[in-house]
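> Residues in the sequence shown are numbered consecutively from 0, following numbering that gives the first Met the number 0.
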Amino acid sequence: MGLAPDSASPEARREFVVMGALACGAAVAIKAPEIFGLHLEHDGEFYARNVSLLVLPFLAGYFAWKRRLGPPTLALLAAAFAAPAAVVNAYPFDGGRDTSDTEVLAALHLPILLWLAVGLAHASGDWRSHDKRMDFVRFTGEWVIYFGLVALGGGVLAGSTAGIFSAIGIDANEFIGLWLVPCGAAGAVVVAAWLAESRQGVLERIAPVLTRLFTPLFTAMLAAFLVAVALTGRGIDVGRGVLIFFDVLLALVLALVIYSVAARDRHAPRGLFDLLLLLLVVAALLVDLLVLGAIVGRLSDFGATPNRIAALGENLVLMGNLAWSAWLYLGFWRGRRGSAAIERWQTAYAPVYAIWLSAVVVAFPPLFGFA
Numbered sequence: 000m001g002l003a004p005d006s007a008s009p010e011a012r013r014e015f016v017v018m019g020a021l022a023c024g025a026a027v028a029i030k031a032p033e034i035f036g037l038h039l040e041h042d043g044e045f046y047a048r049n050v051s052l053l054v055l056p057f058l059a060g061y062f063a064w065k066r067r068l069g070p071p072t073l074a075l076l077a078a079a080f081a082a083p084a085a086v087v088n089a090y091p092f093d094g095g096r097d098t099s100d101t102e103v104l105a106a107l108h109l110p111i112l113l114w115l116a117v118g119l120a121h122a123s124g125d126w127r128s129h130d131k132r133m134d135f136v137r138f139t140g141e142w143v144i145y146f147g148l149v150a151l152g153g154g155v156l157a158g159s160t161a162g163i164f165s166a167i168g169i170d171a172n173e174f175i176g177l178w179l180v181p182c183g184a185a186g187a188v189v190v191a192a193w194l195a196e197s198r199q200g201v202l203e204r205i206a207p208v209l210t211r212l213f214t215p216l217f218t219a220m221l222a223a224f225l226v227a228v229a230l231t232g233r234g235i236d237v238g239r240g241v242l243i244f245f246d247v248l249l250a251l252v253l254a255l256v257i258y259s260v261a262a263r264d265r266h267a268p269r270g271l272f273d274l275l276l277l278l279l280v281v282a283a284l285l286v287d288l289l290v291l292g293a294i295v296g297r298l299s300d301f302g303a304t305p306n307r308i309a310a311l312g313e314n315l316v317l318m319g320n321l322a323w324s325a326w327l328y329l330g331f332w333r334g335r336r337g338s339a340a341i342e343r344w345q346t347a348y349a350p351v352y353a354i355w356l357s358a359v360v361v362a363f364p365p366l367f368g369f370a
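Next up, the structure:
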């Protein structure tokens, strides 16, 4: 029996075939640059800029087919991918240096920007709808879980491949590293989306459990960090890796808040878990303020660089969301507003992320001389 059950409807079977074709297309696309002499092992900068451009159009294509998008939406979707593709490949990155900070920033922010473009296809082009934005947020969480599960299976396959061929004296590591892993990961992007779409309801029961499990743990962790900072008086290191870590951490906090609100029964009374969420948001806001203080101090001491300005902007964007989320949650806890206001705020804030991501990808390189 295949992945598509024998009892599946003709439409489900057709969707499975389309998904398989697009997953194979993504796997082929990740190796297509080799036709032009661009190899994964030698041209890392090219692949860093373009990996999302090579793969995510196939995911957008899956939703374009599934949602039966019309020509105007398809044209807008194509422009959403073509414009950044032209920009990141036309810019003369280096600025007289071996490593371009603005190129690294563009490579880090472009996949997130293109993921929002995928959201346009997921929402059937109705990007103004708050409900459809929230549906895409839920899909994103489910996609991450399914992609992780597929990746775990792929890791077992890669390890088994290496082991079984080593038994007869054949080194399969080069094949695994240059073909199996990149092609499998590219295809898994589409497969995970199909699983999230076709297995709706499976993870909907798991996500609330995960949020209730990790919310108190993250709250305790952030509170312990704040206490440690207060007791030791130590500042935060503002290296690139540390700043990326804090941005990811704060984004995870927002994800917990969004999923908790989305899964909550709007008619259920307030409880201890809602208080934990309020404390989590407040703790995250305080951590963000500490990071912002460290960044501002670094700017005043050593001047502006692309990395520092990007870190400053990202933390200001996150602070804006966290600050208003804390205010809304406080009002909810006091009984002055419903939980729907918190959910609507999160979806209403999406254009702010899109504008900031576009600025980093498009405006930062020329502003900083492509350095």
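Idealized CB from N, CA, C, for every residue including glycine.
1) Three or more beta-carbon pairs under 8 angstroms between the segment 76-87 and the segment 340-347, yes or no?
2) Could you have a look at Tyr328 and say whether DSSP puts it in helix, strand or coil?
3) Output needed for Ala293: all residues of its chain with C-beta closer than 7 angstroms, excluding positions within five of it in sequence on either side, in chain order.
4) Mapping the DSSP letters down to three states, classify Gly24 as helix, strand or coil.
5) For Phe369 and Val189, which I take to be in contact (beta-carbon distance under 8 angstroms), what is that distance rounded to the nearest angstrom?
6) For the alpha helix (DSSP H) containing Phe301, name the first residue and the last one.
7) Output the boundary residues of the alpha helix (DSSP H) element that contains Ala63.
8) Considering only the beta carbon of each residue, do Leu321 and Ala353 sit closer than 9 angstroms?
9) Measure the beta-carbon distance from Leu55 to Leu104 and round it to whole angstroms, keeping in mind my assumption that it falls under 8 angstroms.
10) Would you call the CB atoms of Ala122 and Asp134 closer than 9 angstroms?
11) Output needed for Glu10: all residues of its chain with C-beta closer than 7 angstroms, excluding positions within five of it in sequence on either side, in chain order.
12) May I ask you to report which of helix, strand or coil DSSP gives Val351?
13) Do you know offhand how far Leu53's Cα is from Leu356's?
14) By Cβ distance below 8 angstroms, which residues in the same chain neighbour Leu251 in space, the five residues on each side in sequence not counted?
15) Tell me the rounded alpha-carbon separation between Leu278 and Ala349.
16) Applying the criterion that 16 or more other CB atoms from any shown protein chain within 10 Å of the CB defines a buried residue, is Val351 buried or exposed?
17) Which whole-angstrom value describes the C-beta separation of Gly160 and Ala150, a residue pair presumed to lie in contact below a C-beta threshold of 8 angstroms?
18) How far does the alpha helix (DSSP H) with Lys30 in it extend, from its first residue to its last?
19) With DSSP collapsed to three states, give me the class of Gly153.
20) Using the three-state DSSP reduction, which class does Tyr258 fall into: helix, strand or coil?
21) By a C-beta neighbour count over all protein chains shown, 10 Å radius and 16 as the cutoff for buried, is Ala253 buried or exposed?
22) With C-beta atoms as the reference, is Val87 less than 9 angstroms away from Asn49?
23) Going by C-alpha to C-alpha distance, which of Phe272, Ser324, Pro32 and Ala261 sits closest to Asp130?
24) Buried or exposed: which applies to Leu315, given that a residue is buried once 16 or more other Cβ atoms fall within 10 Å of its Cβ?
25) For Leu242, collect the residues of the same chain with a Cβ closer than 6 angstroms to its Cβ; drop the 5 residues on either side in sequence, then sort them by chain order.
26) Measuring only the C-alpha atoms, how far is Arg269 from Gly154?
27) Tell me, please, whether the CB atom of Ile29 is closer than 9 angstroms to any CB atom in chain B?
28) Counting only the same chain and skipping the five closest in sequence on each side, list residues whose C-beta sits under 8 angstroms from that of Phe80.
29) Secondary structure at Arg333, three-state DSSP: helix, strand or coil?
30) CA-CA distance, Asp273 and Leu225?
31) Please state whether DSSP places Glu342 in a helix, a strand or coil.
32) Residues in the same chain with beta-carbon distance under 8 angstroms from Pro391, minus the five sequence neighbours each way, listed in chain order, please.
Taking the structure as given:
1) no
2) To locate residue 328, count along the sequence shown from 1; it is residue 329. Helix, per DSSP.
3) Stepping through the sequence shown from its first residue, residue 293 is reached at position 294. Around Ala293: Gly234, Ile235 and Val237.
4) As a position in the sequence shown, residue 24 is number 25, starting the count at 1. Helix.
5) On the sequence shown, position 370 is the one that residue 369 refers to. On the sequence shown, position 190 is the one that residue 189 refers to. Contact between Phe369 and Val189 is ruled out by a C-beta separation of about 33 angstroms, above the 8 angstroms threshold.
6) One-based indexing of the sequence shown puts residue 301 at position 302. Phe301 -> alpha helix (DSSP H) spans Leu271 to Phe301.
7) Sequence index remark: in the sequence shown, residue 63 carries index 64 (1-based). Unbroken alpha helix (DSSP H) run through Ala63: Gly43 to Lys65.
8) The count along the sequence shown starts at 1 and reaches residue 321 at position 322. The count along the sequence shown starts at 1 and reaches residue 353 at position 354. In this structure, Ala353 does not lie closer than 9 angstroms to Leu321 by Cβ.
9) One-based indexing of the sequence shown puts residue 55 at position 56. One-based indexing of the sequence shown puts residue 104 at position 105. 19 angstroms between Cβ atoms; not a contact.
10) What you label residue 122 is simply residue 123 of the sequence shown in a count that begins at 1. What you label residue 134 is simply residue 135 of the sequence shown in a count that begins at 1. Result yes, Cβ atoms of Ala122 and Asp134 sit closer than 9 angstroms.
11) For the purposes of this step, residue 10 is taken as residue 11 along the sequence shown, with counting starting at 1. Taken in chain order, the list of residues that qualify is empty.
12) The count along the sequence shown starts at 1 and reaches residue 351 at position 352. Note: Val351 maps to helix in three-state DSSP.
13) Numbered from 1 along the sequence shown, position 54 holds the residue referred to as residue 53. Numbered from 1 along the sequence shown, position 357 holds the residue referred to as residue 356. Using only the alpha carbons, I get a separation of about 19 angstroms.
14) Reading the sequence shown from its first residue, position 252 is the one you call residue 251. Closer than 8 angstroms at Cβ, skipping near neighbours: Phe217.
15) Numbered from its first residue, the sequence shown carries residue 278 at position 279. Numbered from its first residue, the sequence shown carries residue 349 at position 350. Using only the alpha carbons, I get a separation of about 23 angstroms.
16) Reading the sequence shown from its first residue, position 352 is the one you call residue 351. Exposed, since its Cβ has fewer than 16 Cβ neighbours within 10 Å.
17) In the sequence shown, residue 160 corresponds to position 161, counting from 1. In the sequence shown, residue 150 corresponds to position 151, counting from 1. The sequence as given places Thr at residue 160; Gly does not occur at that position. 15 angstroms between Cβ atoms; not a contact.
18) Your numbering for residue 30 matches position 31 in the sequence shown. Careful: Lys30 lies outside any alpha helix (DSSP H) and carries neither H nor E.
19) In the sequence shown, residue 153 corresponds to position 154, counting from 1. The answer is helix: DSSP assigns Gly153 an H, G or I state.
20) The residue you call residue 258 lines up with position 259 of the sequence shown. Tyr258 falls in the helix class under three-state DSSP.
21) As a working mapping, residue 253 is identified with position 254 in the sequence shown. Residue identity differs from the one stated: residue 253 is Leu in this sequence, not Ala. With 16 or more Cβ atoms within 10 Å of its Cβ, Leu253 is classed as buried.
22) Translated into positions along the sequence shown, residue 87 becomes position 88. Translated into positions along the sequence shown, residue 49 becomes position 50. Contact annotation: Val87 and Asn49 have beta-carbon atoms nearer than 9 angstroms.
23) Translated into positions along the sequence shown, residue 130 becomes position 131. With distances taken between Cα atoms, Asp130 lies closest to Ala261.
24) Within the sequence shown, residue 315 is the residue found at index 316, counting from 1. Leu315 comes out exposed.
25) As a position in the sequence shown, residue 242 is number 243, starting the count at 1. Cβ within range, chain order: Ala310.
26) The residue labelled residue 269 in the question sits at position 270 within the sequence shown. The residue labelled residue 154 in the question sits at position 155 within the sequence shown. About 42 angstroms.
27) Going by chain labels, chain B is absent from the structure shown, which holds only one protein chain.
28) By one-based count along the sequence shown, residue 80 stands at place 81. Leu52, Leu55, Pro56, Ala59, Leu113 and Ala116.
29) The count along the sequence shown starts at 1 and reaches residue 333 at position 334. Of the three classes helix, strand and coil, the one that applies to Arg333 here is coil, per DSSP.
30) Residue 273 sits at position 274 when you count from the first residue of the sequence shown. Residue 225 sits at position 226 when you count from the first residue of the sequence shown. Rounded to the nearest angstrom, the two C-alpha atoms are 21 angstroms apart.
31) Residue 342 sits at position 343 when you count from the first residue of the sequence shown. Here Glu342 sits in helix by DSSP.
32) No answer is possible for residue 391: the residues shown for the chain start at 0 and end at 370.
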